[in-house]
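Undergrad: Questions regarding the structure given below will be posed in turn.
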């Protein structure tokens, strides 16, 4: 073991510095299996002070650092590059709930806390932390904030960025910024926390956060609805929001191919309706009041939509188990896709009103060139975020199709930008899209991003090769 690693052992202890290849393997590959890197070691500090000590030592030796949470990201943002020069810094041991202030609706947690752990802490205080992801049992809040995670309740509560009040961050020079303020109002200059939310660890390492809590949900209702086309789903969303206000918590669209994959590959899955039709919508309404008319209002709104022909068919869950079964169909789509191999994935957003145009034009453009392309479309139609994934059903054909990813991306991303959208809605850029943004961000935007990177990380040691091309901004 070289002197650099021996110094890390002296700071963290032998068990916290992982160097055996077999023990490191899980940290060096992303969840999808698309990216695999190499590293000098995986280090697992237990406090912000230990993180700072590691960062200072890395700065002295010019060793790059790849921060990693639960390693559930989908763009290779937490996977080291293949040069083997970096360390992976795992936050998993920093998993304490530091404090909870129910009167202030604030919760202070360390970066390694899983989302499920935070949900449980909020429930224990009769509160709600609304960030909701299928990976909640393994994803960690530091990673959620670093990627500005979205999830299924953005429609009502916003992205991760909207749920954070303060941060503790270890800067690239090893200093600790204590910004753990539980204030709703603090108008004293630049709001520094938002530099680090969504930065994917390229500007510093989030070690703790103060999160917003909300009133606990007392009643909720979930329905699975069949519609003929996405335009009907958009119209239904408007009607429901008019009838039910902000009690519309989630509004998810699921294409038939996505549902079929889940039924095929996820045990105990079955279509909720006898005729699911080409498109389904999963809707959740919730209320903080007990004994409200939530169910009646929802049923009346759906009955009106059925009567007008806007909705083809619908089923409302009558028990929590039924509601969970409906949500399981939606949350299992990514896992079902993974069973069938690699696809060309797009995490895009456009204004809600332009979702039908995007789907119609994108489908037509792709099928004109590849008539047998399989389009798996689903996502958070309520906030304009679609997951639009493409593959071929036959493995040999799919391998050739995946090789055409740059051409496919050009079709999809050009259309997204033409419609006023973004090529990355909630998964970040990571390694996957660091080249793509050079085409779609303006020169002014890129200059500002590079200037921020250079100001905070002039040597380019923080998660190099992610978000920006390696060497940019340094």
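Numbering (the numbering used here), first residue to last: 17 to 490. Think of the CB as a built atom: it goes at the ideal place given N, C-alpha and C, for glycine as much as any other residue. A quick note: this is a predicted structure, and the numbers were derived from the prediction, not measured.
Excluding sequence positions up to five away, which residues of its chain have a Cβ less than 7 Å from the Cβ of residue 249?
TA: Only 243, 269, 295, 297 and 397 meet the Cβ criterion.
Undergrad: Can you tell me whether residue 429 is buried or exposed? The criterion is at least 16 other CB atoms within 10 Å of its CB, across all chains shown.
TA: Residue 429 should be labelled buried.
Undergrad: Per DSSP, what kind of secondary structure is residue 294 in: helix, strand or coil?
TA: Residue state, collapsed to three classes: coil.
Undergrad: Taking residue 394 as part of the beta strand (DSSP E), name the residues at either end of that continuous run.
TA: Element bounds for residue 394: 390 to 396.
Undergrad: Is it buried or exposed, residue 83, if we count other Cβ atoms within 10 angstroms and call 16 or more buried?
TA: With 16 or more Cβ atoms within 10 Å of its Cβ, residue 83 is classed as buried.
Undergrad: With a threshold of 7 Å (Cβ to nearest heavy atom), would residue 356 be considered close to the ligand MG?
TA: This structure lacks the ligand MG, and indeed carries no ligand of any kind.
Undergrad: Between 478, 483 and 488, which has its C-alpha nearest residue 72's C-alpha?
TA: Measuring from the Cα of residue 72, the nearest candidate turns out to be 478.
Undergrad: Run through DSSP, which three-state label would residue 335 get?
TA: Reduced to three states, the DSSP call for residue 335 is coil.
Undergrad: When the distance is taken between beta carbons, is residue 60 closer than 8 Å to residue 109?
TA: Yes.
Undergrad: If contacts are defined as beta-carbon pairs under 8 Å, then residue 466 and residue 484 qualify, I think. What distance do you get, rounded to the angstrom?
TA: About 7 Å; that satisfies the 8 Å criterion.
Undergrad: Output yes or no for whether 8 Å exceeds the beta carbon distance between residue 51 and residue 86.
TA: No. Outside cutoff.
Undergrad: Hey, quick one: how far does the beta strand (DSSP E) through residue 114 stretch, first residue to last?
TA: Where residue 114 is concerned, the enclosing beta strand (DSSP E) stretches over 113 to 117.
Undergrad: If you pair each beta-carbon of the region 386 to 393 with each one of the region 257 to 266, do three or more pairs fall below 8 Å?
TA: Short answer: they don't touch.
Undergrad: Inspect the CB distances between the region 145 to 152 and the region 197 to 213 and report whether three or more fall short of 8 Å.
TA: The answer is no - the region 197 to 213 does not touch the region 145 to 152, with fewer than three Cβ pairs under 8 Å.
Undergrad: So residue 96 packs on residue 28, CB below 8 Å; how close in whole Å?
TA: Contact doesn't hold; Cβ gap of about 18 Å is too wide.
Undergrad: Express the C-alpha separation of residue 230 and residue 64 in angstroms, rounding to a whole number.
TA: Near 27 Å, if we compare the C-alpha coordinates of residue 230 and residue 64.
Undergrad: Have a look at 99, 459 and 134 and flag the residue whose alpha-carbon is nearest the alpha-carbon of residue 112.
TA: Residue 112 has its Cα closest to that of 134, out of 99, 459 and 134.
Undergrad: Runs of 4 residues minimum, wholly inside the region 31 to 55: which ones carry the alpha helix (DSSP H) assignment?
TA: Whole alpha helix (DSSP H) segments, 4+ residues: 37 to 40.
Undergrad: In this structure, does DSSP put residue 206 in helix, strand or coil?
TA: In this structure, residue 206 counts as coil in the three-state DSSP scheme.
Undergrad: If you draw a straight line from the C-alpha of residue 401 to the C-alpha of residue 363, how long is it?
TA: In a straight line, the C-alpha of residue 401 is about 7 Å away from that of residue 363.
Undergrad: Starting from residue 411, follow the beta strand (DSSP E) in both directions and report where the run begins and ends.
TA: Looking at the DSSP string, residue 411 is not in any beta strand (DSSP E); the run it does join, the alpha helix (DSSP H), is 411 to 418.
Undergrad: At what residue ranges does the region 86 to 141 contain a whole run of the beta strand (DSSP E), taking only runs of 3 or more?
TA: 103 to 106, 113 to 117 and 122 to 126, all fully within the region 86 to 141.
Undergrad: Should the region 119 to 127 be regarded as contacting the region 152 to 168, the criterion being three or more beta carbon pairs within less than 8 Å?
TA: Yes, they touch.
Undergrad: Taking the beta carbon of residue 34 as the centre, do at least 16 other beta carbons fall within 10 Å, making it buried, or is it exposed?
TA: Classification of residue 34: buried, given that the 10 Å Cβ count is 16 or more.
Undergrad: What residue from 218, 179 and 190 has the CA that sits closest to residue 200's CA?
TA: The shortest Cα separation from residue 200 among 218, 179 and 190 belongs to 179.
Undergrad: Unbroken beta strand (DSSP E) runs of length 3 or more, entirely within the region 228 to 316: which are they?
TA: If we require 3 residues or more, the beta strand (DSSP E) runs fully inside the region 228 to 316 come out as 235 to 243, 264 to 271 and 295 to 303.
Undergrad: Assuming residue 219 and residue 197 are in contact, meaning their beta carbons sit under 8 Å apart, how far apart are those beta carbons, in whole angstroms?
TA: So it is not a contact: roughly 19 Å between Cβ atoms.
Undergrad: What are the start and end residues of the beta strand (DSSP E) that includes residue 186?
TA: Where residue 186 is concerned, the enclosing beta strand (DSSP E) stretches over 180 to 186.
Undergrad: Put residue 164 into one of helix, strand or coil per three-state DSSP.
TA: In the structure shown, residue 164 sits in coil (DSSP, three-state: anything other than H, G, I, E or B).
Undergrad: Taking all protein chains shown into account, decide if residue 361 is buried (16 or more other Cβ within 10 angstroms of its Cβ) or exposed.
TA: With 16 or more other Cβ atoms within 10 Å, it is buried.
Undergrad: Measure the C-alpha to C-alpha separation of residue 336 and residue 342 and round it to an integer number of angstroms.
TA: Rounded to the nearest angstrom, the two C-alpha atoms are 10 Å apart.
Undergrad: Considering only residues of the same chain and omitting the five flanking positions on each side of residue 177, which have a CB-CB separation below 6 Å?
TA: Once the five neighbours on either side are set aside, the close Cβ partners of residue 177 are 164 and 213.
Undergrad: Which whole-angstrom value describes the C-beta separation of residue 68 and residue 186, a residue pair presumed to lie in contact below a C-beta threshold of 8 Å?
TA: Correct: roughly 5 Å between the Cβ atoms.
Undergrad: What are the uninterrupted segments assigned as alpha helix (DSSP H) that are 4 or more residues long and contained completely in the region 324 to 386, given in chain order?
TA: Runs found: 336 to 347, 349 to 355 and 371 to 385.
Undergrad: Within 10 Å of its beta-carbon, does residue 18 have 16 or more other beta-carbons around it, so buried, or fewer, so exposed?
TA: Flag for residue 18 reads exposed.
Undergrad: Taking just the CA atoms, how far does residue 445 sit from residue 79?
TA: Approximately 23 Å between the Cα atoms of the pair.
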